[in-house]
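Notes follow once the structure below has been shown.
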Amino acid sequence: MNIDLLLNRAFENINQRYFGRSEREFVAELYHQLRLTLSKNKKGTIEVTTETIKRQAVNYRHSVFNDSWVRQYFFMSRAYIIKGEYYKRVPDLLIHEYNNRNNQLLAFEVKNANGLSSTEIKIDLSKLIVYCIGNLKYNRGILIVYGQSTKINIKEMPDIKELLEQYPMIEIWVVERRGALTIINKSSC
Numbered sequence: 001m002n003i004d005l006l007l008n009r010a011f012e013n014i015n016q017r018y019f020g021r022s023e024r025e026f027v028a029e030l031y032h033q034l035r036l037t038l039s040k041n042k043k044g045t046i047e048v049t050t051e052t053i054k055r056q057a058v059n060y061r062h063s064v065f066n067d068s069w070v071r072q073y074f075f076m077s078r079a080y081i082i083k084g085e086y087y088k089r090v091p092d093l094l095i096h097e098y099n100n101r102n103n104q105l106l107a108f109e110v111k112n113a114n115g116l117s118s119t120e121i122k123i124d125l126s127k128l129i130v131y132c133i134g135n136l137k138y139n140r141g142i143l144i145v146y147g148q149s150t151k152i153n154i155k156e157m158p159d160i161k162e163l164l165e166q167y168p169m170i171e172i173w174v175v176e177r178r179g180a181l182t183i184i185n186k187s188s189c
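For the sequence shown, our numbering gives the first residue as 1, with consecutive numbering after it.
Pasting the structure below:
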C-alpha cells in the first residue's frame, strides 16, 4: 500500500469548493475521501480516523520535551485542556491501527492558509513531532495547509527549515486545489 499515492488520490477527489471552506469542513471531506480511497485499496486493521484519542495519551515526561522548540510551541496554544498535569492533544486525522500501537502510519494536522501565521505552523509542527518521536510512535507527521491561494516560503522561515531537517519524518503538504500539491520536507529544503 503506497500511502502517498492514496493521499494524492484523496486530494484529487476533493471538490474544489472545499478549498475555500473552514478547516472542519475540509477535514471532514478529506476524511471521507481518504476512507473511500483506503477502503478500495486495503482491507484489514489499518483505517483512517478523525480526532482520535489513543488509549495511552502523550507521555509528557518523554525526552522529546527536552527539545526547547517543541516544548515552547507544543504548550503555547490554548487548544490543550488541562486536567491535573494532563494536556489533551488530538490529531486532526490519523491513519493507523485503531486499538493498539501497531502500524501507526500517519498523523495529520490541517490548517486553512487564510490568515495562517508562522506561529500556528510551529504549534502544529510541534504536535506532529510529539506524535512521531514521543510514545505514540507515528511513522510520519504531515501538516496539510490548504486554500485557494496558498503560499508558504520556507526560506522566509529558517527555524521551520531547520526543524524539518532535524525531524525528517515531518512534512508540510501545501494543497492549493485539486491536483496542486507541494511537499516541503527535509529533501526539498
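Don't be surprised by glycine CBs; every beta carbon is placed ideally from N, CA and C.
Determine the DSSP secondary structure at residue i, reduced to helix, strand or coil.
| i | result |
| --- | --- |
| residue 137 | coil |
| residue 105 | coil |
| residue 32 | helix |
| residue 67 | coil |
| residue 3 | helix |
| residue 9 | helix |
| residue 75 | coil |
| residue 58 | coil |
| residue 158 | helix |
For residue i, I'd like the list of residues in its chain whose CB is within less than 6 Å of its CB, leaving aside the five on either flank, ordered along the chain.
| i | result |
| --- | --- |
| residue 135 | 59, 62 |
| residue 92 | 27, 108, 109, 110 |
| residue 95 | 48, 105, 106 |
| residue 139 | 105 |
| residue 33 | 10, 13, 14 |
| residue 190 | The structure shown does not extend to residue 190, since the chain is modelled only from 1 through 189, so no value can be given for it. |
| residue 50 | 31, 93 |
Report the partner residues of residue i according to the DSSP bridge assignment.
| i | result |
| --- | --- |
| residue 174 | 145, 182 |
| residue 46 | 97 |
| residue 27 | For residue 27, which the question treats as bridged, DSSP gives no partner whatsoever. |
| residue 112 | 146 |
To the nearest angstrom, how far is it from the Cα of residue i to the Cα of residue j?
| i | j | result |
| --- | --- | --- |
| residue 5 | residue 188 | 19 Å |
| residue 123 | residue 141 | 13 Å |
| residue 137 | residue 166 | 17 Å |
| residue 128 | residue 3 | 17 Å |
| residue 145 | residue 119 | 14 Å |
| residue 73 | residue 65 | 10 Å |
| residue 184 | residue 76 | 24 Å |
| residue 186 | residue 132 | 15 Å |
| residue 99 | residue 90 | 15 Å |
| residue 121 | residue 163 | 12 Å |
| residue 143 | residue 170 | 8 Å |
| residue 21 | residue 156 | 27 Å |
Going along the chain, which residues of its own chain have a beta-carbon closer than 7 Å to the beta-carbon of residue i, five neighbours each way excluded?
| i | result |
| --- | --- |
| residue 18 | 25, 26, 29 |
| residue 114 | 147 |
| residue 102 | none |
| residue 23 | 110, 111, 112 |
| residue 70 | 64, 126, 129, 130 |
| residue 116 | 145 |
Once you ignore the five residues that flank residue i on each side, which residues in its own chain have a CB closer than 8 Å to its CB?
| i | result |
| --- | --- |
| residue 181 | 8, 11, 173, 174, 175 |
| residue 46 | 1, 38, 95, 96, 97, 103, 105 |
| residue 228 | Nothing can be reported for residue 228, as the shown portion of the chain is limited to 1 through 189. |
I'd like to confirm something about residue i: is its beta-carbon nearer than 7 Å to some heavy atom of the ligand PLP, or not?
| i | result |
| --- | --- |
| residue 106 | Absent from the structure shown: the ligand PLP. Ligands present: none. |
So, is the C-beta of residue i closer than 8 Å to a C-beta in chain E?
| i | result |
| --- | --- |
| residue 4 | Absence of chain E from the displayed structure is noted, only one protein chain being present. |
Contact the segment 175-182 vs the segment 13-29: 3+ CB pairs below 8 Å: yes
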